[in-house]
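Residue numbers (this note's numbering), protein chains in the order written: chain A, 1 to 402; chain B, 403 to 499. Backbone N, C-alpha and C define an ideal beta-carbon position, used for all residues, glycine too. Here the structure is a predicted model, which means the values were calculated and not measured.
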Amino acid sequence: MNDAAPPLLRPLGLLAELTHRCPLACPYCSNPLELESRSDELDTACWSRVFHEAAEMGVLQVHLSGGEPAARRDLLEIVAAARDAGLYTNLITSSVGLDAERLARLQQTGLDHVQLSIQDIEAGQADRIAGYDGAHVRKLAFARHVVDLGLALTVNTVIHRANIANVTALVALAAELGAGRVEVAHAQYHGWALRNMSALMPTAAQVFRAVDEVERLRAQYADRLVIDLVVPDYYATHPKPCMGGWARRSLNVTPSGRVLPCHAAETIPGLEFWSVRDNALSEIWSRSPAFQAFRGTDWMREPCRSCDRRELDFGGCRCQALAIAGDARQADPACSLSPYHSRMRELAEQAQTGASAEYRYRGRRQDGQRAAVSSIGLVEGQTAGHPAAPPPRLAISPRAGS
Amino acid sequence: MAEIGAGFGDTRPRLAPGVRLHFDKTRNAWILLAPERVIEAEGPAHEILRRCDGKRTVAQIVDELAILYVADRAVIEGDVTEMLADLVAKRLVLSTQ
Chain A
1 MNDAAPPLLR PLGLLAELTH RCPLACPYCS NPLELESRSD ELDTACWSRV
51 FHEAAEMGVL QVHLSGGEPA ARRDLLEIVA AARDAGLYTN LITSSVGLDA
101 ERLARLQQTG LDHVQLSIQD IEAGQADRIA GYDGAHVRKL AFARHVVDLG
151 LALTVNTVIH RANIANVTAL VALAAELGAG RVEVAHAQYH GWALRNMSAL
201 MPTAAQVFRA VDEVERLRAQ YADRLVIDLV VPDYYATHPK PCMGGWARRS
251 LNVTPSGRVL PCHAAETIPG LEFWSVRDNA LSEIWSRSPA FQAFRGTDWM
301 REPCRSCDRR ELDFGGCRCQ ALAIAGDARQ ADPACSLSPY HSRMRELAEQ
351 AQTGASAEYR YRGRRQDGQR AAVSSIGLVE GQTAGHPAAP PPRLAISPRA
401 GS
Chain B
403 MAEIGAGFGD TRPRLAPGVR LHFDKTRNAW ILLAPERVIE AEGPAHEILR
453 RCDGKRTVAQ IVDELAILYV ADRAVIEGDV TEMLADLVAK RLVLSTQ
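Encoded structure:
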């Protein structure tokens with residue numbers, strides 16, 4: 001044993017990206033720019049093995065995410081496997097492709113919780129953000145099905161320039177729908193959101209007002225709603241404790257089985273990721289190079305290395321350090337002690353006055369049309385109400401270089 | 403806010419939707435699982451939580467725990483009320499009449 005090695009904690013959460021396929025095309029999507037293809041996706045048995053291994057390692061909650069997890073025709077079997085492993089099972093969905101009957105079967109299988117994304121308060125604007133006509137109306141109906149079944153509902157709203165003025169109305173909408181919890185999640189600028197930053201970034205004044213609003217809303221809705229805030233960091237003084245510290249609390253498995261310490265970790269060049277196809281999850285957690293790379297504090301440089309807050313914020317986000325400071329070992333530039341802190345502020349200010357108000361949607365051509373092979377509207381048509389029907393064949397650009 | 407204090411003994415607490423009590427073998431601990439939250443139920447907390455079924459009143463839960471732990475009822479009542487008030491404020495337990 002190496003005495004200097006940081007203590008290995010038991011992970012609490014597993015983000016299972018069941019697929020990168022999605023009918024929506026939100027401009028802040030957390031999926032990578034290079035989406036994994038359907039033919040590379042793990043099968044039901046492999047996910048079941050991953051869930052059981054995760055539970056044995058101490059994982060308590062699994063978040064079934066995507067893409068749109070409902071695009072998997074074996075979603076019911078996947079939920080059953082997660083519950084069989086003893087995991088608290090959270091479905092993160094846009095609701096498109098999930099009707100009331102399939103939802104009821106998921107509940108009977110033991111689904112614990114549903115997290116539904118809502119893009120804005122009004123259908124036209126919400127559908128424009130999602131890149132999918134009719135999504136908003138379906139989401140409202142779906143939320144009511146969730147609540148009518150007695151399932152716990154969280155409404156997740158990603159906040160950016162187009163909807164930041166509507167935070168109060170979004171929380172009111174969630175309360176009206178019967179949600180028990182709301183996530184007011186300010187966009188995090190990685191991947192697609194970074195590509196769309198000039199169309200998404202709000203002003204500092206808007207951000208501070210929206211954060212104050214959440215404080216007021218928490219008091220107003222204390223008897224009805226839990227309101228969680230994912231804080232914006234472009235105008236911050238201290239960085240966020242990204243993931244609660246690298247490789248400390250959670251793991252992320254991609255559709256093809258690659259295991260990441262966070263969903264954006266693949267943006268960091270030179271990291272070696274292991275796959276559940278080749279290794280046990282516990283081996284990956286304890287030994288894989290990507291998880292070891294920034295675990296603990298030994299990797300830190302100044303100003304992190306001697307900082308009193310190094311075990312509070314763990315140096316912030318490695319991906320943001322790479323994106324702005326050019327090196328993943330730097331302090332997160334959100335920190336006022338980072339030499340790149342002013343650079344981050346400049347990027348935000350450039351973005352809010354940026355020329356582009358047009359979104360660049362994933363899976364779409366630049367003229368806003370769907371790419372020829374991605375007629376993703378078929379997802380709902382073929383699977384809604386017919387979970388056993390063969391899933392549509394959707395080709396999304398295969399991962400480059402693999 | 404839910405009323406805590408006079409009359410609280412007559413309410414029938416239950417776990418909120420999406421909240422359940424789970425025994426975690428890897429940590430040898432009772433855990434309250436909730437949306438994006440995990441809370442360890444230390445010591446006698448799980449004995450309180452597993453009785454939050456929407457049927458028992460707080461007063462009945464206090465009676466049962468006083469017998470289970472052979473302890474002074476007033477002390478148990480203070481502990482149970484304090485814990486449930488905290489969980490009601492966090493929306494993990496709902497207090498119904």
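As assigned by DSSP and simplified to three states, the class of residue i
i         : result
A/Pro-11  : coil
B/Pro-415 : strand
B/Phe-425 : strand
A/Ile-121 : coil
A/Val-63  : Reading the sequence as shown, one finds His at residue 63 of chain A and not Val. Here A/His-63 sits in strand by DSSP.
B/Glu-442 : strand
A/Thr-267 : helix
A/Leu-106 : helix
B/Thr-501 : What is shown of chain B runs 403 to 499, which leaves residue 501 of chain B out entirely.
A/Leu-217 : helix
B/Arg-493 : coil
A/Arg-360 : coil
A/Asp-313 : helix
A/Gly-368 : With a pLDDT of 48 at A/Gly-368, under the threshold of 50, the modelled position of this residue cannot be trusted; read the value that follows with caution. Residue state, collapsed to three classes: coil.
A/Arg-287 : helix
A/Asp-99  : coil
A/Asp-308 : coil
A/Leu-212 : It should be pointed out that residue 212 of chain A corresponds to Asp in this sequence rather than to Leu. Three-state result, A/Asp-212: helix.
A/Gln-330 : coil
A/Leu-337 : coil
A/Asp-233 : coil
Distance CB(residue i)-CB(residue j) smaller than 8 Å
i         : j         : result
A/Asp-120 : A/Asn-90  : no
A/His-113 : A/Gly-66  : no
A/Pro-239 : A/Gly-316 : yes
A/Leu-24  : A/Gly-131 : yes
A/Cys-319 : A/Ala-264 : yes
B/Ile-433 : B/Ile-441 : yes
A/Glu-53  : A/Ser-256 : no
B/Thr-483 : B/Asp-412 : no
A/Leu-14  : A/Ser-250 : yes
A/Ala-348 : A/Met-243 : no
A/Leu-151 : A/Arg-105 : no
B/Asp-426 : A/Leu-12  : no
A/Leu-116 : A/Ser-95  : yes
A/Ser-48  : A/Ala-81  : yes
B/Gly-456 : B/Arg-414 : yes
A/Phe-314 : A/Pro-241 : yes
A/Glu-36  : A/Thr-254 : yes
B/Ile-463 : B/Arg-453 : yes
One or two residues paired with residue i in a DSSP bridge
i         : result
A/Gln-115 : A/Ile-92 and A/Thr-154
B/Ala-431 : B/Asp-426
A/Ser-250 : A/Gly-13
A/Asp-228 : A/Glu-183
B/Ala-436 : B/Arg-439
A/Arg-258 : A/Ser-275
B/Thr-498 : B/Arg-414
B/Asp-455 : B/Arg-416
Assigned exposure category for residue i - 16 Cβ within 10 Å defines buried
i         : result
A/Val-137 : exposed
A/Arg-181 : buried
A/Gly-312 : It is Leu, not Gly, that sits at residue 312 of chain A in the sequence shown. Exposed.
A/Gln-292 : buried
A/Pro-289 : exposed
A/Arg-38  : buried
B/Arg-493 : buried
A/Leu-217 : buried
B/Glu-444 : exposed
A/Gln-206 : buried
B/Val-472 : exposed
A/Lys-139 : buried
A/Arg-224 : exposed
B/Thr-498 : exposed
A/Pro-69  : buried
A/Gln-350 : exposed
Proximity test, residue i beta-carbon vs the ligand NAP heavy atom, cut-off 7 Å
i         : result
A/Arg-364 : Ligands in the displayed structure: none, and consequently the ligand NAP is not present.
Quick check on the DSSP output: what are the complete alpha helix (DSSP H) runs of length 4 or more inside the segment 167–209 of chain A, in order along the chain?
167–177, 191–195 and 197–200
Taking only runs that begin and end inside the segment 126–165 of chain A, name each unbroken alpha helix (DSSP H) of 4 or more residues, in chain order. 135–148
Whole alpha helix (DSSP H) elements within the segment 18–87 of chain A, 4-residue minimum:
44–57 and 75–84
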